[in-house]
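*Asks:* When we follow this note's numbering, the leftmost residue of the sequence shown carries the number 4, and every step to the right adds one.
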Amino acid sequence: MCWPRRGRRARPGSAPLAGSRPASEADRHRPPGRCAGATPSLGAVDEEALRSSAGLRLDDAFEAARPSGRLERIFGTWDFFRLWIAQVVSATGDWLGLFATIALADQIAPEGSKSTAIALVLATRVAPGFFLATAVGVIVDRLDRKRVMVTCDLGRAAVLVSLPFVDTLVGLIIASTLLELLTMMWQPAKEATVPNLVPRDKLTSANSLNVAAAYGMFPVAAGVAALLAKAAEAVSDEGWVTTFRLNEEGLAFYVDALSFLVTALIIWRIAIPARTRDERRATKRGSLDLGGAIRELREGWRLVGKNPIVRSVNVGLATAVMGAGMVFLLGARFVDEVIVGREADFHAVLFSLGVGMAIGVGSASALQNRINRTRGFTSALIGAGVVLLAAASVDRLSLMIPLVVMLGMLAGPSYVLGFTLLHENVSNEIRGRVFSALLVLVRLCVLIALAVGGVLADLLDNLSERWWDGFITVLGARVELPGVRLTMWLAGVIIVVAGGLASWSLRAGAVPAAGPADGSDAPEVEEPAAETSAGPEQ
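1) Buried or exposed for glycine 226, going by 16 or more other Cβ atoms inside 10 Å?
2) Would you kindly report the start and end of the unbroken alpha helix (DSSP H) that includes phenylalanine 102?
3) I'd like to check one pair, leucine 484 with threonine 322: are the Cβ atoms closer than 8 Å?
4) Taking just the CA atoms, how far does leucine 212 sit from valine 407?
5) Are there 16 or more other CB atoms within 10 angstroms of the CB of leucine 264, so buried, or fewer, so exposed?
6) Assign glutamate 427 to one of two classes, buried (16 or more other C-beta atoms within 10 Å of its C-beta) or exposed (fewer than that).
7) How is the beta strand (DSSP E) around valine 338 delimited, first residue to last?
8) Thinking C-beta only, is phenylalanine 168 closer than 8 Å to arginine 248?
9) When the Cα atoms are used, what is the spatial distance from valine 162 to alanine 103?
10) Could you spell out where the beta strand (DSSP E) holding alanine 480 opens and where it closes?
11) When you compare only the Cα positions, how much space is there between leucine 125 and alanine 237?
12) What is the DSSP secondary structure of valine 201, counted as helix, strand or coil?
13) To which residues does DSSP link phenylalanine 474 through a beta bridge?
14) Leaving out five residues before and five after alanine 217 in sequence, what residues of the same chain have Cβ atoms less than 6 Å from its Cβ?
15) Considering just the uninterrupted stretch of the alpha helix (DSSP H) at methionine 412, what are its terminal residues?
16) Is it the case that the Cβ atoms of proline 416 and alanine 367 are separated by a distance below 8 Å?
17) By the DSSP assignment, the alpha helix (DSSP H) with aspartate 147 in it spans what residues?
18) Cutting at 6 Å between CB atoms, please list the residues of its own chain near serine 396, excluding the five before and the five after it.
19) When you compare each of Thr381, Gly79, Glu251 to alanine 235 by their alpha carbons, which one comes out closest?
20) Terminal residues of the continuous alpha helix (DSSP H) containing isoleucine 433?
21) Leaving out five residues on either side along the sequence, give the residues of the same chain with a beta carbon under 8 Å from the beta carbon of aspartate 170.
22) If you draw a straight line from the alpha carbon of leucine 61 to that of phenylalanine 83, how long is it in whole angstroms?
23) Comparing alpha-carbon positions, which option in Thr245, Leu200, Leu231, Leu107 lies nearest tryptophan 81?
24) What first and last residue would you give for the alpha helix (DSSP H) that runs through leucine 391?
25) Out of Gly388, Ile312, Val487, Asp398, point me to the one whose CA is closest to leucine 425's CA.
26) Are the beta-carbon atoms of aspartate 147 and arginine 436 separated by less than 8 Å?
27) Classify serine 467 as buried or exposed, calling it buried when 16 or more other Cβ atoms lie within 10 Å of its own Cβ.
28) Start and end of the alpha helix (DSSP H) containing glycine 219?
29) By the 10 Å Cβ neighbour count, where 16 or more other Cβ atoms means buried, how is leucine 370 classified, buried or exposed?
30) What does the Cβ neighbour count give for glycine 473, buried or exposed, with the cut at 16 atoms within 10 Å?
31) Take leucine 459 as the anchor and find which of Ala215, Val153, Val330, Ala267 has the nearest alpha-carbon.
32) Just curious, the alpha helix (DSSP H) that aspartate 259 is in, first and last residue?
33) Keeping to the same chain, check which residues put their C-beta closer than 6 Å to that of arginine 488; ignore five residues upstream and five downstream.
34) Which residue's Cα is closest to the Cα of arginine 376: Ala195, Thr127, Thr180, Asp204?
35) Which residue wins for smallest C-alpha separation from lysine 233, given the options Ala255, Leu463, Gly96?
Below, the structure is given as structure tokens:
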């Protein structure tokens with residue numbers, strides 16, 4: 004479906020409005036509802052035939068709730084608005100499902116090993132991406148991205164419907180692995196689709212909105228989980244309630260599955276532009292043989308190392324995630340041991356981080372036409388590391404809160420600007436592979452942080468007691484040196500080094516900084532001449 008333009012109409016006999024395009028003969032005789040430039044095809048006919056009455060009602064709802072002109076300027080296009088709504092619904096379900104998965108792992112794990120069980124289940128949500136994300140990128144680049152996203156949403160809904168009936172840790176691990184594999188397909192397909200729906204000068208705003216959709220739904224999902232818990236308590240645990248496992252976790256899984264069904268329906272209605280003839284020729288239709296996939300995996304990594312901007316974003320974001328992972332893992336322990344606070348104080352720290360990220364992401368979106376993106380990306384990374392070093396150095400909550408807000412204000416824009424640089428500098432036909440390469444590095448760094456963060460804090464704690472008796476004196480002031488503080492300092496240093504490596508990578512490549520607005524001077528990664536066969540793509 005094509006959204007009608009809401010611009011002014013010229014009066015009969017008057018001159019055309021500025022910037023308007025004269026109607027062609029084909030335009031004047033086009034059947035109602037047909038988009039300009041649209042060519043009927045068998046796929047289009049099949050798609051129309053498959054549209055259900057629910058899909059048509061969804062279109063009517065979108066038409067009735069069309070945003071105002073102000074929101075239209077924010078989202079850029081109506082198709083991206085639809086994709087963003089899909090992300091909001093999906094992210095809410097993701098967080099809700101994560102809460103329920105952790106609760107289920109705690110419920111079915113034997114006594115004395117609950118923490119290990121939860122860590123193992125969470126690891127299964129990260130580990131598959133490290134081994135398979137790049138291969139998934141090859142597949143995504145060869146397939147119809149919209150169909151990939153819809154299929155993955157339907158698959159995730161099916162897995163989630165089965166989760167209330169899982170009563171073993173092995174079953175939960177298998178289900179979590181399946182969910183992660185489907186998410187690995189969905190995410191690069193979505194990221195590679197965004198530049199096809201949004202004008203180039205709106206990419207920074209689009210990425211800001213994506214971050215808001217992904218992380219802004221955390222408190223919403225927490226509220227939904229609390230409501231579902233109250234609903235489960237109000238229902239007697241007998242009869243059909245027991246049969247369908249309508250307890251707190253079961254209701255959460257069902258609502259999560261419903262969110263993915265809604266997301267699939269919304270995405271199915273999005274008109275994603277088809278690839279150009281040159282892009283299709285570059286990927287050469289054909290079978291997906293293993294040898295070709297391996298060659299494309301190798302080529303994808305070569306492209307990451309070849310282009311300075313892509314290399315700097317991958318190195319910067321992935322390495323920074325390692326430091327951020329340690330902060331997330333050890334934050335509660337830091338508040339308990341250094342701040343000597345309560346659990347509510349840690350929640351206040353997380354809330355402050357979220358507020359800072361919201362401010363930072365909003366600022367990056369509002370100032371997108373004035374930001375030098377390459378310098379802004381590296382500067383935000385280095386600044387975030389420096390602020391983390393300062394935050395880990397204080398021992399009062401009143402001092403830590405504003406520093407954590409500042410940390411979020413720098414971390415949010417670094418994420419947004421990094422993804423914007425990738426969108427602007429990677430050609431459409433290989434975008435999935437490049438984003439998958441980034442996901443491989445990110446997952447590797449998260450695994451490292453989860454694996455060594457706690458162990459490193461314990462090790463440094465012992466070394467601090469042995470070497471300095473757990474504290475040092477600076478200018479007459481006593482500075483406690485618990486292992487968790489030393490690890491947080493190390494995390495800050497890692498983030499600063501990540502920003503420095505990204506900046507060095509850009510200078511070594513002698514690449515002009517991606518400027519504001521259109522980014523016309525930004526170099527784009529070109530598709531290699533020799534490519535293996537692939538199927539049709541949208």
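Backbone N, C-alpha and C fix where the C-beta goes; we use that ideal spot for every residue, glycine too.
*Replies:* Checking against the coordinates, here is how it stands:
1) exposed
2) 81-111
3) No, the Cβ-Cβ distance between threonine 322 and leucine 484 is not below 8 Å.
4) C-alpha separation (whole angstroms): 22 Å.
5) buried
6) buried
7) No beta strand (DSSP E) holds valine 338; DSSP gives it neither H nor E.
8) yes
9) 14 Å
10) Segment 480-483, the beta strand (DSSP E) holding alanine 480.
11) 30 Å
12) coil
13) Glu483
14) Ala94
15) Going by DSSP, methionine 412 is part of the alpha helix (DSSP H) stretching over 400-428.
16) yes
17) Segment: none, aspartate 147 is in no alpha helix (DSSP H) and carries neither H nor E.
18) If we look at serine 396 and ignore the five residues flanking it on each side, it has no Cβ neighbours.
19) Glu251
20) Where isoleucine 433 is concerned, there is no enclosing alpha helix (DSSP H), given that its DSSP letter is neither H nor E.
21) Ile111
22) Confidence in leucine 61 is poor, its pLDDT being 46 and thus under 50, which makes the residue's placement unreliable; the coordinate value appears in the next sentence. Between the C-alpha atoms of leucine 61 and phenylalanine 83 there is a straight-line separation of about 16 Å.
23) Leu200
24) 376-394
25) Nearest C-alpha to leucine 425 among Gly388, Ile312, Val487, Asp398: Ile312.
26) no
27) buried
28) Segment: none, glycine 219 is in no alpha helix (DSSP H) and carries neither H nor E.
29) exposed
30) exposed
31) Val330
32) 251-271
33) Val341, Ala395
34) Asp204
35) Ala255
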